[in-house]
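>
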(Lines of atoms letter the chains of each structure in order from A and count residues from 1; the text may use other names and numbers.)
(Lines give C-alpha, C1' and ligand atoms only; values in the text may rest on other atoms or scores of the structure.)
Protein backbone atom coordinates (compact mmCIF):
# COMPACT_ATOMS: atom_id res chain seq x y z
CA UNK A 1 0.00 0.00 0.00
CA UNK A 2 2.73 2.47 0.96
CA UNK A 3 4.72 1.39 -2.08
CA UNK A 4 1.73 2.11 -4.40
CA UNK A 5 1.17 5.47 -2.71
CA UNK A 6 4.85 6.36 -3.09
CA UNK A 7 4.85 5.35 -6.79
CA UNK A 8 1.72 7.44 -7.42
CA UNK A 9 3.31 10.51 -5.85
CA UNK A 10 6.57 9.95 -7.72
CA UNK A 11 4.68 9.58 -11.02
CA UNK A 12 2.73 12.80 -10.35
CA UNK A 13 5.95 14.69 -9.56
CA UNK A 14 7.61 13.45 -12.75
CA UNK A 15 4.59 14.43 -14.87
CA UNK A 16 4.42 17.88 -13.29
CA UNK A 17 8.13 18.54 -13.78
CA UNK A 18 7.90 17.38 -17.40
CA UNK A 19 4.97 19.72 -18.00
CA UNK A 20 6.83 22.62 -16.41
CA UNK A 21 9.95 21.88 -18.49
CA UNK A 22 7.93 21.74 -21.72
CA UNK A 23 6.19 25.04 -20.90
CA UNK A 24 9.53 26.67 -20.09
CA UNK A 25 11.01 25.41 -23.37
CA UNK A 26 8.00 26.75 -25.29
CA UNK A 27 8.36 30.15 -23.60
CA UNK A 28 12.08 30.28 -24.42
CA UNK A 29 11.37 29.23 -28.01
CA UNK A 30 8.70 31.92 -28.24
CA UNK A 31 11.07 34.55 -26.85
CA UNK A 32 13.86 33.49 -29.21
CA UNK A 33 11.44 34.02 -32.10
CA UNK A 34 10.45 37.50 -30.85
CA UNK A 35 11.86 40.84 -31.84
CA UNK A 36 12.83 43.65 -29.48
CA UNK A 37 13.68 47.30 -30.06
CA UNK A 38 16.43 48.98 -28.04
CA UNK A 39 16.87 52.74 -28.10
CA UNK A 40 20.53 53.71 -27.80
CA UNK A 41 20.94 57.35 -26.85
CA UNK A 42 20.25 59.81 -24.09
CA UNK A 43 17.35 59.51 -21.66
CA UNK A 44 15.19 62.05 -23.54
CA UNK A 45 14.39 59.34 -26.10
CA UNK A 46 13.56 56.56 -23.62
CA UNK A 47 10.12 57.68 -22.54
CA UNK A 48 6.65 56.33 -23.26
CA UNK A 49 6.05 58.91 -26.00
CA UNK A 50 9.03 57.64 -27.97
CA UNK A 51 8.20 53.98 -27.27
CA UNK A 52 4.69 54.60 -28.67
CA UNK A 53 6.17 55.84 -31.94
CA UNK A 54 8.20 52.63 -32.21
CA UNK A 55 5.13 50.49 -31.46
CA UNK A 56 3.10 52.43 -34.02
CA UNK A 57 5.38 51.74 -36.98
CA UNK A 58 7.28 48.49 -36.41
CA UNK A 59 5.09 45.55 -37.36
CA UNK A 60 6.12 41.97 -37.96
CA UNK A 61 4.55 40.41 -41.07
CA UNK A 62 4.30 37.10 -39.17
CA UNK A 63 2.54 38.73 -36.21
CA UNK A 64 5.49 38.05 -33.91
CA UNK A 65 5.32 40.46 -30.97
CA UNK A 66 7.73 43.38 -31.09
CA UNK A 67 8.93 44.22 -27.60
CA UNK A 68 9.72 47.84 -26.78
CA UNK A 69 9.81 49.72 -23.51
CA UNK A 70 11.48 49.96 -20.15
CA UNK A 71 11.83 46.19 -19.64
CA UNK A 72 14.11 45.64 -22.66
CA UNK A 73 15.89 48.95 -21.95
CA UNK A 74 16.61 47.71 -18.39
CA UNK A 75 17.97 44.45 -19.76
CA UNK A 76 20.27 46.45 -22.06
CA UNK A 77 21.43 48.50 -19.07
CA UNK A 78 22.10 45.28 -17.11
CA UNK A 79 24.20 44.00 -20.03
CA UNK A 80 26.46 47.06 -19.70
CA UNK A 81 26.55 46.76 -15.90
CA UNK A 82 27.79 43.17 -16.23
CA UNK A 83 30.53 44.48 -18.53
CA UNK A 84 31.65 46.74 -15.67
CA UNK A 85 30.04 50.01 -16.82
CA UNK A 86 27.51 51.95 -14.75
CA UNK A 87 25.91 53.48 -17.84
CA UNK A 88 25.62 52.51 -21.48
CA UNK A 89 28.90 52.29 -23.27
CA UNK A 90 29.47 53.21 -26.89
CA UNK A 91 28.26 50.00 -28.56
CA UNK A 92 30.29 48.14 -31.14
CA UNK A 93 29.15 45.56 -33.68
CA UNK A 94 30.23 42.85 -31.23
CA UNK A 95 28.13 44.42 -28.44
CA UNK A 96 25.06 44.42 -30.66
CA UNK A 97 25.47 40.73 -31.47
CA UNK A 98 26.36 39.76 -27.88
CA UNK A 99 23.28 41.54 -26.56
CA UNK A 100 21.01 39.61 -28.95
CA UNK A 101 22.37 36.40 -27.42
CA UNK A 102 22.25 37.82 -23.88
CA UNK A 103 18.65 39.02 -24.26
CA UNK A 104 17.27 35.75 -25.61
CA UNK A 105 15.35 37.51 -28.38
CA UNK A 106 15.69 36.32 -31.97
CA UNK A 107 16.32 39.78 -33.39
CA UNK A 108 16.99 43.22 -31.98
CA UNK A 109 16.40 46.51 -33.74
CA UNK A 110 18.80 49.07 -32.34
CA UNK A 111 17.81 52.70 -32.82
CA UNK A 112 21.00 54.66 -32.19
CA UNK A 113 20.07 58.30 -31.85
CA UNK A 114 22.56 61.10 -32.17
CA UNK A 115 21.88 64.15 -30.02
CA UNK A 116 19.18 66.29 -31.55
CA UNK A 117 20.09 69.60 -33.10
CA UNK A 118 17.70 72.18 -31.68
CA UNK A 119 17.13 75.80 -32.50
CA UNK A 120 14.48 78.34 -31.73
CA UNK A 121 13.61 81.08 -34.16
CA UNK A 122 10.94 83.71 -34.60
CA UNK A 123 8.52 83.29 -37.47
CA UNK A 124 6.38 86.35 -36.81
CA UNK A 125 6.51 89.10 -34.24
CA UNK A 126 6.79 87.50 -30.83
CA UNK A 127 6.01 83.97 -32.05
CA UNK A 128 8.90 81.59 -31.46
CA UNK A 129 9.15 78.19 -33.09
CA UNK A 130 11.38 75.29 -32.13
CA UNK A 131 13.05 73.12 -34.74
CA UNK A 132 14.63 69.75 -34.13
CA UNK A 133 16.81 67.75 -36.47
CA UNK A 134 17.49 64.13 -35.52
CA UNK A 135 19.56 61.36 -37.06
CA UNK A 136 18.67 57.76 -36.21
CA UNK A 137 21.02 54.98 -37.27
CA UNK A 138 19.07 51.73 -37.19
CA UNK A 139 20.57 48.23 -37.08
CA UNK A 140 18.65 44.99 -37.51
CA UNK A 141 20.72 42.33 -35.71
CA UNK A 142 20.35 38.63 -35.01
CA UNK A 143 22.68 36.20 -33.23
CA UNK A 144 24.81 35.85 -36.37
CA UNK A 145 25.40 39.51 -37.17
CA UNK A 146 24.04 42.78 -38.49
CA UNK A 147 21.46 42.06 -41.20
CA UNK A 148 20.51 45.57 -42.29
CA UNK A 149 21.53 49.16 -41.57
CA UNK A 150 19.43 52.25 -42.27
CA UNK A 151 20.25 55.86 -41.48
CA UNK A 152 17.52 58.47 -41.43
CA UNK A 153 17.59 62.20 -40.67
CA UNK A 154 14.42 64.24 -40.25
CA UNK A 155 13.37 67.68 -39.03
CA UNK A 156 10.26 68.90 -37.30
CA UNK A 157 9.01 72.31 -36.18
CA UNK A 158 6.82 72.99 -33.17
CA UNK A 159 5.07 76.12 -32.03
CA UNK A 160 4.91 74.87 -28.45
CA UNK A 161 8.11 73.08 -27.35
CA UNK A 162 11.48 71.61 -28.22
CA UNK A 163 10.33 68.23 -26.90
CA UNK A 164 7.40 68.17 -29.31
CA UNK A 165 9.77 69.01 -32.17
CA UNK A 166 12.09 66.15 -31.10
CA UNK A 167 9.18 63.70 -30.91
CA UNK A 168 7.99 64.71 -34.34
CA UNK A 169 11.42 64.33 -35.96
CA UNK A 170 11.96 60.97 -34.21
CA UNK A 171 8.55 59.72 -35.34
CA UNK A 172 9.34 60.60 -38.95
CA UNK A 173 12.67 58.74 -38.72
CA UNK A 174 11.05 55.62 -37.24
CA UNK A 175 8.34 55.63 -39.89
CA UNK A 176 10.92 55.61 -42.70
CA UNK A 177 13.12 52.98 -41.01
CA UNK A 178 10.11 50.73 -40.41
CA UNK A 179 9.30 50.77 -44.13
CA UNK A 180 12.67 49.11 -44.76
CA UNK A 181 12.82 46.79 -41.71
CA UNK A 182 9.23 45.51 -41.46
CA UNK A 183 9.47 43.12 -44.46
CA UNK A 184 12.67 41.66 -42.94
CA UNK A 185 11.16 40.87 -39.56
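Residue numbers (the numbering used here): 5 to 189. Each residue gets a CB set at the ideal place from its N, CA and C atoms; glycine is no exception. Please read these numbers as outputs of a predicted model, since none were measured by experiment.
#1: Could you have a look at residue 29 and say whether DSSP puts it in helix, strand or coil?
#2: Helix, strand or coil, according to DSSP, for residue 114 in the structure here?
#3: Sorted by chain position, which residues of the same chain lie with C-beta nearer than 6 Å to residue 103's C-beta, five sequence neighbours on each side aside?
#4: Hey, which unbroken runs of the alpha helix (DSSP H) at 4 residues or more fall wholly within the region 80-166?
#5: Determine whether the beta carbon atoms of residue 174 and residue 54 lie at a separation below 7 Å.
#6: Measure how close the beta-carbons of residue 3 and residue 132 come, nearest whole angstrom, since I'm counting them as under 8 Å.
#7: Quick one: Cα of residue 112 to Cα of residue 134, how far?
#8: Comparing alpha-carbon positions, which option in 97, 120 and 87 lies nearest residue 177?
#9: Answer yes or no: the CB of residue 77 versus the heavy atoms of the ligand GDP, is any distance below 6 Å?
#10: Which term fits residue 170, buried or exposed, when burial requires 16 or more other beta carbons within 10 angstroms of its beta carbon?
#11: Is it buried or exposed, residue 232, if we count other Cβ atoms within 10 angstroms and call 16 or more buried?
#12: Check for me: the alpha helix (DSSP H) holding residue 209 runs from which residue to which?
#13: Tell me whether the beta-carbon of residue 98 lies closer than 7 Å to the beta-carbon of residue 72.
#14: Can you list, in chain order, the residues of its chain whose CB lies under 7 Å from that of residue 38, leaving out five sequence neighbours each side?
#15: Does DSSP classify residue 44 as helix, strand or coil?
#16: Measure how close the beta-carbons of residue 184 and residue 154 come, nearest whole angstrom, since I'm counting them as under 8 Å.
#17: Let's test the definition: count the other Cβ atoms within 10 Å of the Cβ of residue 150 and tell me whether it reaches 16, buried, or not, exposed.
#18: What does DSSP give as the partner residues of residue 76 in its beta bridges?
#19: Is it buried or exposed, residue 77, if we count other Cβ atoms within 10 angstroms and call 16 or more buried?
Working from what's here:
#1: Because the pLDDT at residue 29 is just 37, under 50, the model does not fix this residue reliably, and the point stays unresolved.
#2: strand
#3: 83
#4: 97-107
#5: yes
#6: This structure gives no information on residue 3, because the portion of the chain shown stretches from 5 to 189.
#7: 33 Å
#8: 120
#9: This structure does not include the ligand GDP; it has no bound ligands of any sort.
#10: buried
#11: The structure shown does not extend to residue 232, since the chain is modelled only from 5 to 189, so the question has no answer here.
#12: Outside the shown range of the chain (5 to 189) lies residue 209, about which nothing can therefore be said.
#13: no
#14: 68, 69, 71, 109 and 110
#15: strand
#16: 5 Å
#17: exposed
#18: Partner(s): none; residue 76 has no beta bridge.
#19: buried
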